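Protein chains: 2
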Amino acid sequence: MAHLARGEGDALLDRFRRHLRDHRLPFTRQRALLAEIVLFSEEHLSAEVIARKLADKGERVGTATVYRTLDLLVLSGVVRLHDFGEGFRRYEPMAGPADHEHLVCLRCGAVEEFSNDRLARMLPVLADEHHFQHQRHRVEIFGLCHACQQRDLKGLR
Amino acid sequence: MAHLARGEGDALLDRFRRHLRDHRLPFTRQRALLAEIVLFSEEHLSAEVIARKLADKGERVGTATVYRTLDLLVLSGVVRLHDFGEGFRRYEPMAGPADHEHLVCLRCGAVEEFSNDRLARMLPVLADEHHFQHQRHRVEIFGLCHACQQRDLKGLR
DNA sequence: TTGCCTGCAAAGTATTTGCATAACA
DNA sequence: TGTTATGCAAATACTTTGCAGGCAA
Chain A
223 MAHLARGEGD
233 ALLDRFRRHL
243 RDHRLPFTRQ
253 RALLAEIVLF
263 SEEHLSAEVI
273 ARKLADKGER
283 VGTATVYRTL
293 DLLVLSGVVR
303 LHDFGEGFRR
313 YEPMAGPADH
323 EHLVCLRCGA
333 VEEFSNDRLA
343 RMLPVLADEH
353 HFQHQRHRVE
363 IFGLCHACQQ
373 RDLKGLR
Chain B
223 MAHLARGEGD
233 ALLDRFRRHL
243 RDHRLPFTRQ
253 RALLAEIVLF
263 SEEHLSAEVI
273 ARKLADKGER
283 VGTATVYRTL
293 DLLVLSGVVR
303 LHDFGEGFRR
313 YEPMAGPADH
323 EHLVCLRCGA
333 VEEFSNDRLA
343 RMLPVLADEH
353 HFQHQRHRVE
363 IFGLCHACQQ
373 RDLKGLR
């Protein structure tokens, strides 16, 4: 992960604030707290993890507010929603215009990102071959992350 | 869809029966009914749709049995489980050893399949470049199916 | 017969909604 | 001050589990 350039989180936060202002929606304490957690995170957070981070800070924020604010962040275009088929959703800061794909570790659940031009160019072409109009896509590779591979090697010795 | 060669459903059904026999598990009426619906389907069915198909046949099969039998079908390796992030899961007959990817229509929800050798070879390589051990992957392209594109064109005239 | 299965209903998990109160602009 | 948000709790959607009774081998 760790794709956010310094200041990128700030830019997203600004965009979020602008979105709220443009729609005459208040920038509340809860929204600020949530936005900060998600927009400056290097991970793909779940609603539950976000709620726990708030609780750890000593902030009392209701579950409904967490979900409603996440919706708002997605609507503002500063956060991207993911469903890796785990039974819950994850949220990550929108990292510039560059799309990226995911590597999901089946052992430890870690999620890494990658992007590849050749892949990105290929998918709309493949769609077209099937008379399908590509709008967006999702590529996920499931397997073992580097750390878990190392751990396996150690275990075998 | 429509990828199943004639007789392929029968082969899968045989494999399912063999799996049950090998594990000393009974081949019950419900399991036969469910297997038939899923293994001979051309679509990616949800548990709900499967239950409805059973009900339409006048068969009374409990929800729990539907889910438990689907688990069994997945375990036997004759059915593949999918989660397209719709809030529920879908099941499709395992179509030979050839992996395929999905085209999901955002308008009508139709799911088409496709496969591409170059793509299939590319993904393990990309994983490897990130020191990630590829086990399986998921490629989904979201957009408009041919029918929905046509419909749009008509609407514009 | 014996073990596994089945249906039902209750529990579980993640998320959404309704409503009285509270906070923002 | 007038919206709109918030927290709580109840509701929802899909799936899983527990249990008493019922089939398959």
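These protein sequences, in sequence, are chains A and B.
Here the first sequence is numbered in the working numbering, starting from 223 and rising by one per residue.
Here the second sequence is numbered in the working numbering, starting from 223 and rising by one per residue.
Beta carbons are placed, not taken as given, at the ideal position from N, Cα and C, and that holds for glycine.
Keep in mind the model is a prediction, meaning the values are calculated, not measured.
Contact check, Cys-367(A) vs Ala-332(A) under 8 angstroms by CB: the rounded distance?
Indexing the first sequence from 1 puts residue 367(A) at position 145. Indexing the first sequence from 1 puts residue 332(A) at position 110. Yes, they are in contact, since the Cβ atoms of Cys-367(A) and Ala-332(A) sit about 5 angstroms apart, within 8 angstroms.
Since Cys-327(B) sits in a beta bridge, which residues does DSSP pair it with?
Locating residue 327(B) in the second sequence gives position 105, counting from the first residue. Per DSSP, Gly-365(B).
Applying the criterion that 16 or more other CB atoms from any shown protein chain within 10 Å of the CB defines a buried residue, is Pro-319(B) buried or exposed?
Numbered from its first residue, the second sequence carries residue 319(B) at position 97. Below a pLDDT of 50, predicted positions are generally treated as unreliable, and Pro-319(B), at 49, falls in that range; no measurement from the model is reported.
Straight-line Cα distance separating Glu-264(B) from His-304(B)
Residue 304(B) sits at position 82 when you count from the first residue of the second sequence. Residue 264(B) sits at position 42 when you count from the first residue of the second sequence. Across the structure, His-304(B) and Glu-264(B) are spaced so that their CA atoms are roughly 15 angstroms apart.
Separation of Leu-267(B) from Lys-302(B), as counted between CA atoms:
Looking up residue 302(B) in the second sequence gives position 80. Looking up residue 267(B) in the second sequence gives position 45. For clarity, residue 302(B) is Arg in the given sequence; the question names Lys instead. Spanning the two alpha carbons is a distance of roughly 11 angstroms.
Nearest candidate by alpha-carbon position, reference His-374(A), set Val-361(A), Leu-345(A), Arg-329(A), Met-344(A):
As a first step, residue 374(A) is located in the first sequence; it is residue number 152 there, counting from the start. In the sequence as presented, His is not what sits at residue 374(A); that position holds Asp. Ranking the options by Cα distance to Asp-374(A), first place goes to Arg-329(A).
How far does the beta strand (DSSP E) with Val-300(A) in it reach, from first residue to last?
In the first sequence, the residue the question calls residue 300(A) occupies position 78. Val-300(A) -> no beta strand (DSSP E), and no H or E assigned at all.
Counting C-beta neighbours from all protein chains within 10 Å, is the total for Ala-286(A) 16 or more, i.e. buried, or is it exposed?
Here residue 286(A) corresponds to residue number 64 of the first sequence, with the count starting at 1. Exposed is the call here.
Please state if the CB of Ser-337(A) and the CB of His-322(A) are separated by a distance shorter than 9 angstroms.
By 1-based counting over the first sequence, the position of residue 322(A) is 100. By 1-based counting over the first sequence, the position of residue 337(A) is 115. Contact: yes.
One question on the structure: do Pro-346(B) and His-356(B) come within less than 9 angstroms of each other, judged by their Cβ atoms?
If you number the second sequence from 1, residue 346(B) lands on position 124. If you number the second sequence from 1, residue 356(B) lands on position 134. Yes, they are a contact pair.
Put Glu-334(B) into one of helix, strand or coil per three-state DSSP.
Along the second sequence, one-based indexing puts residue 334(B) at 112. Reduced to three states, the DSSP call for Glu-334(B) is strand.
For Arg-311(B) and Phe-262(B), I'd like the C-alpha separation in whole angstroms.
Residue numbering aside, residue 311(B) sits at position 89 when the second sequence is read from its first letter. Residue numbering aside, residue 262(B) sits at position 40 when the second sequence is read from its first letter. So the alpha carbons of these two residues sit roughly 18 angstroms apart.
Using a Cβ cut-off of 7 angstroms, pull out every chain A residue sitting near Phe-336(B), in sequence order please.
Looking up residue 336(B) in the second sequence gives position 114. What Phe-336(B) touches in chain A: Leu-348, His-352.
Can you tell me whether DSSP reads Glu-230(B) as helix, strand or coil?
By one-based count along the second sequence, residue 230(B) stands at place 8. Here Glu-230(B) sits in helix by DSSP.
What does a CB cutoff of less than 7 angstroms around Ala-257(A) pick up in its chain, not counting 5 residues either side in sequence?
Translated into the one-based positions of the first sequence, residue 257(A) becomes position 35. Answer for Ala-257(A): Leu-235, Phe-238, Leu-295, listed in chain order.
Output the distance between the C-alpha atoms of Arg-248(A) and Ile-259(A), rounded to the nearest integer angstrom.
Counting from one through the first sequence, the residue named residue 248(A) turns up at place 26. Counting from one through the first sequence, the residue named residue 259(A) turns up at place 37. Sequence check: residue 248(A) is Pro here, not Arg. Approximately 18 angstroms between the Cα atoms of the pair.
Can you list, in chain order, the residues of its chain whose CB lies under 8 angstroms from that of Gly-307(A), leaving out five sequence neighbours each side?
Residue mapping note: residue 307(A) aligns to position 85 of the first sequence, counting from 1. Around Gly-307(A): no qualifying Cβ.
So which residues of chain B does Arg-358(A) contact, with C-beta pairs closer than 7 angstroms?
Here residue 358(A) corresponds to residue number 136 of the first sequence, with the count starting at 1. Residues of chain B passing the Cβ test: Phe-364.
Show which residues of chain A have a CB atom less than 9 angstroms away from the CB atom of Asp-305(B).
Residue numbering aside, residue 305(B) sits at position 83 when the second sequence is read from its first letter. Simply Asp-305, Phe-306, Gly-307, Glu-308, Gly-309.
At 7 angstroms on the CB atoms, spell out the chain B contacts of Asp-367(A), in chain order.
Taking the first sequence and counting its residues from 1, one reaches residue 367(A) at position 145. Here the sequence assigns Cys to residue 367(A), which means Asp is not the residue at that position. Within 7 angstroms of the CB of Cys-367(A), the CB atoms of chain B belong to Phe-354, in sequence order along the chain.
In the DSSP output, which residue or residues are listed as bridge partners for Pro-346(A)?
On the first sequence, residue 346(A) is found 124 positions in, with the first residue counted as 1. None, per the DSSP bridge assignment.
What is the rounded straight-line gap between the Cα of Val-271(A) and the Cα of Arg-274(B)?
Taking the first sequence and counting its residues from 1, the one referred to as residue 271(A) is at position 49. Taking the second sequence and counting its residues from 1, the one referred to as residue 274(B) is at position 52. Roughly 37 angstroms separates the two Cα atoms.
Which class does Glu-258(A) belong to by DSSP, given the choice of helix, strand or coil?
Walking along the first sequence from the start, residue 258(A) turns up at place 36. Correct three-state label for Glu-258(A): helix.
So, for Ala-349(B): in the same chain, excluding its five sequence neighbours on each side, which residues have a beta-carbon less than 6 angstroms away from its beta-carbon?
Taking the second sequence and counting its residues from 1, the one referred to as residue 349(B) is at position 127. His-356, listed in sequence order.
Below 9 angstroms on C-beta distance, what does Met-316(B) contact in chain A?
To locate residue 316(B), count along the second sequence from 1; it is residue 94. Within 9 angstroms Cβ-Cβ: nothing; Met-316(B) doesn't reach chain A, min ~17 angstroms.
Quick one: grab the DSSP three-state call for Glu-270(B).
Along the second sequence, one-based indexing puts residue 270(B) at 48. Correct three-state label for Glu-270(B): helix.
What did DSSP end up calling Glu-312(B) once you bin it into helix, strand or coil?
If you number the second sequence from 1, residue 312(B) lands on position 90. The displayed chain sequence assigns Arg, not Glu, to residue 312(B). It is a strand residue.
Drop a sphere of 10 angstroms on the beta-carbon of Lys-376(A), count the other beta-carbons inside from all chains shown, and report buried for 16 or more, exposed for fewer.
Position 154 of the first sequence, counted from the start, is the residue given in the question as residue 376(A). With fewer than 16 other Cβ atoms within 10 Å, it is exposed.
Starting from the beta carbon of Leu-328(A), find every residue of chain B whose beta carbon is closer than 7 angstroms, and list them in chain order.
Counted from its first residue, the first sequence places residue 328(A) at position 106. By Cβ distance, chain B contributes Gln-357.
Determine the chain B residues that contact Leu-325(A) at a beta-carbon separation under 7 angstroms, and present them in chain order.
Sequence index remark: in the first sequence, residue 325(A) carries index 103 (1-based). Those within 7 angstroms of Leu-325(A) in chain B are Ala-349, His-352, Phe-354.
Does the separation of the CB atoms of Pro-315(A) and Val-326(A) fall below 9 angstroms?
Residue mapping note: residue 315(A) aligns to position 93 of the first sequence, counting from 1. Residue mapping note: residue 326(A) aligns to position 104 of the first sequence, counting from 1. The answer is no: Cβ separation not under 9 angstroms.
Cβ-based contacts, 9 angstroms cut-off: residues of the stretch 285-304 of chain B near chain A:
Leu-303, His-304
Suppose you measure from the CA of His-324(B) to the CA of Glu-362(B); what does that come to, to the nearest Å?
Working through the second sequence from its first residue, we reach residue 324(B) at position 102. Working through the second sequence from its first residue, we reach residue 362(B) at position 140. Roughly 5 angstroms between the two C-alpha positions.
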